[in-house]
Amino acid sequence: MTNKDVIRALGNVCDLLLLQGADEFRVRSYQRAVNTLRGLSEDLNRVDPATLPGIGKSLAATIAEILTTGSCALQAQLLGEIPAGLVEMLQVPDLGPKTARRLWQELGLETIDAVEQAAREGRLRPLKGFGAKTEENLLANIALWRAGRERVPRIVALMQAEPLLAAVRAADGVQEACLAGSLRRGRDTTKDLDLLVCAEDSGPAIAAFCAHESVAEVQLAGSTKATVRLTSGLNADLRVVPRESWGAAQQYFTGSQAHNVAVRSRARDLGLTVNEYGVRRLDTDEVVAGADEAGVYAALGLPWIPPELREDRGELAGPLPDLLELGDIRGDLHCHTRWSDGMATVAEMAAAARDLGYDYLAITDHSKALTIAKGLDEERLRAQREEIRRVQQEVPEVHLLAGVEVDILSDGSLDLALDALAELDIVVASVHSAMSQGREQMTERLIRAVSSGVVHIVGHPSGRLLGRREGYEYDAEAVIAACLAHGVALELNSAPERLDVDDLTARLAVRRGVALAVNTDAHSTAQLGNMHLGVTQARRGWVGASAVVNTQPGAPRVR
DNA sequence: GCCGTTTTCGGCCCGACTGTTTTCAGTCG
2 MTNKDVIRAL GNVCDLLLLQ GADEFRVRSY QRAVNTLRGL SEDLNRVDPA
52 TLPGIGKSLA ATIAEILTTG SCALQAQLLG EIPAGLVEML QVPDLGPKTA
102 RRLWQELGLE TIDAVEQAAR EGRLRPLKGF GAKTEENLLA NIALWRAGRE
152 RVPRIVALMQ AEPLLAAVRA ADGVQEACLA GSLRRGRDTT KDLDLLVCAE
202 DSGPAIAAFC AHESVAEVQL AGSTKATVRL TSGLNADLRV VPRESWGAAQ
252 QYFTGSQAHN VAVRSRARDL GLTVNEYGVR RLDTDEVVAG ADEAGVYAAL
302 GLPWIPPELR EDRGELAGPL PDLLELGDIR GDLHCHTRWS DGMATVAEMA
352 AAARDLGYDY LAITDHSKAL TIAKGLDEER LRAQREEIRR VQQEVPEVHL
402 LAGVEVDILS DGSLDLALDA LAELDIVVAS VHSAMSQGRE QMTERLIRAV
452 SSGVVHIVGH PSGRLLGRRE GYEYDAEAVI AACLAHGVAL ELNSAPERLD
502 VDDLTARLAV RRGVALAVNT DAHSTAQLGN MHLGVTQARR GWVGASAVVN
552 TQPGAPRVR
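Quick note, the first sequence lines up with residues 2 to 560 if you use my numbering.
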């Protein structure tokens, strides 16, 4: 069993406990454990769960049970008491555990379909606290749930958030405006857009927000907050706070929820209480911080914590790392040209790298197995090297590295002759085919490529495509160990739909002493500008500049 | 269910908003 299996089982236990009406603090314990496990980069089979924060004897035993037997007695027992369909009901907005339980116990409704039918027929109204409006809202929320609002890739969310942010920033009386929530934390995907404004009069900002051309429906508009649904289907929230609360509001609305719970718990230990308006002493009610975010953290005896780290993954406990910044990046070690499936010539890519101020750029077109992308064989690869040499004369500011993105074939061998690969400045090796192999086979395949002696970087190691394809299963610990043994770097691919490796794997690799290469995999000159996405993700993995190959000046020593 | 440099028992983050409750429960973030 893997971490995912444990997380799935415990998450289900959380939902079932909620539906059962269990003690809320017991439920919270399970929720905290799930969050901790979600943020764990190590394989649970190699860690003692009892050493993790928020996991005691009982939960550690449950985790061990799931890992060894693949099942969980508590989960089985709860499933015997509560219909499984109720769990799905929790996904409907504004339909929580208390309501779901009542619908089941008082009306015998066990599925969303049954609830929908009953609401249509007005059969919910006899329930205490249910009126026509409640039925109407419930039906609308079920329709929303059916429409399936998935998390969207960060770049998609940013493209929608930025015009909204500009609009509220331009509203009368707005002093400050920023993104908050998961967008500010730099998560790879986002469910809702969160915007925050500082203004004494909230009216103009809320009006500008609700009237924006991208808004399909205003769901809620109060005196301090508004929620809208965009034409894209995403929801967006706006909060407006006065100057003296700006920092506290930034802290609060950036989250994550788990981080905020940890922050507030720490505050209580210190005799303080934190809300979105400020930090107050519990005894005297005196406000001790709130206007600026660093001051809020300082009042709790903490340094300002970069938003990317605010996930309750140890950021309150230990010293914080010096995180990678976009300005640390000296070059890009993975891009494509018209020799394969890129849009630009070698010369155009080189000029674009020069304009970005880079010291170097590696040209790494596909290898021959990727016929659909006009992949290069050994002969064309040598011909391309001649062109790279010519272009190098024209663009002396950028050191051009002759490389390739060679396919890792299904058996782990490489798609080009080893002697041809050995002649290159840089070899990125990637999986583009046979992705449905099982975990063991894929792990062996990757390790064989890593051990070839000619590979410098494993490209987009999991193969995931955000919102479209789960990455293939592989044993990251084992592949990272092989990378360490052979001096191979893992790529953090900055392509908006990839962002691969993910933040946790990046964190694990760096902990184990394996270098990362933060690359764009650009197929056009514009895509070289996606580097910031990878940098943000690296920061979420607690990655510093020294762990990243392409922060080295001059030509990087990859191995 | 977890946790402890005042505690092994008694705490556990906090507020906005909604609908229908005439005083607040439920949900969300």
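Glycine residues also receive a C-beta, built at the ideal position from the N, C-alpha and C atoms. Quick caveat, the model's predicted, so the values are computed rather than measured.
Item                                                                                                         : Value
Reduced DSSP secondary structure (H/G/I, E/B, other) of H367                                                 : strand
Secondary structure of P308, DSSP reduced to three states                                                    : helix
Residues near V219 in its chain [Cβ-Cβ closer than 6 Å; skip 5 each side]                                    : C211, V229
DSSP-derived helix/strand/coil call for P154                                                                 : strand
Sufficient close CB pairs (3 or more, under 8 Å) joining the segment 295-304 to the segment 389-406          : no
Cβ neighbour criterion (16 or more within 10 Å) applied to D532                                              : A quick correction: the sequence has Met, not Asp, at residue 532. M532 should be labelled buried.
S257 classed as buried or exposed, judged by whether at least 16 other C-beta atoms fall within 10 angstroms : buried
Runs of beta strand (DSSP E) wholly within the segment 365-430 (minimum 3 residues, chain order)             : 400-408
Meets three-Cβ-pair contact criterion under 8 Å: the segment 19-27 and the segment 88-106                    : yes
S463, buried or exposed, once every other Cβ within 10 Å from all chains shown has been counted against 16   : buried
Span of the beta strand (DSSP E), counted from its first residue to its last, around C179                    : 175-181
The segment 116-127 / the segment 161-178 touching (three or more Cβ pairs under 8 Å)                        : no
Reference S437; option with closest CA among E136, I427, R470, V93                                           : R470
R449 vs E474 beta-carbon contact at 7 Å                                                                      : no
For G332: DSSP bridge partner residues                                                                       : Y361
Cβ-based neighbour list, A259, same chain, cut-off 6 Å, excluding 5 preceding and 5 following                : N36, D313
Inter-stretch contact (C-beta, 8 Å, three-pair minimum) for the segment 515-533 and the segment 315-323      : no
Where C211 falls: helix, strand or coil (DSSP)                                                               : helix
Terminal residues of the beta strand (DSSP E) in which A556 lies                                             : Note, A556: premise wrong, no beta strand (DSSP E); not H, not E.
Straight-line gap, L505 to M350 (C-alpha atoms, nearest Å)                                                   : 31 Å
Which residues DSSP lists as bridging I113, in chain order                                                   : Beta-bridge pairing links I113 to no other residue.
R47 - DSSP class collapsed to helix/strand/coil                                                              : helix
Span separating the alpha-carbon of G545 from that of A518                                                   : 12 Å
Collapsed DSSP secondary structure at I458 in the structure displayed                                        : strand
Start-to-end residues for the beta strand (DSSP E) that takes in T521                                        : Here T521 belongs to no beta strand (DSSP E), and DSSP marks it neither H nor E.
Boundaries of the alpha helix (DSSP H) in which Q76 is found, first to last residue                          : 74-82
L283, buried or exposed, once every other Cβ within 10 Å from all chains shown has been counted against 16   : exposed
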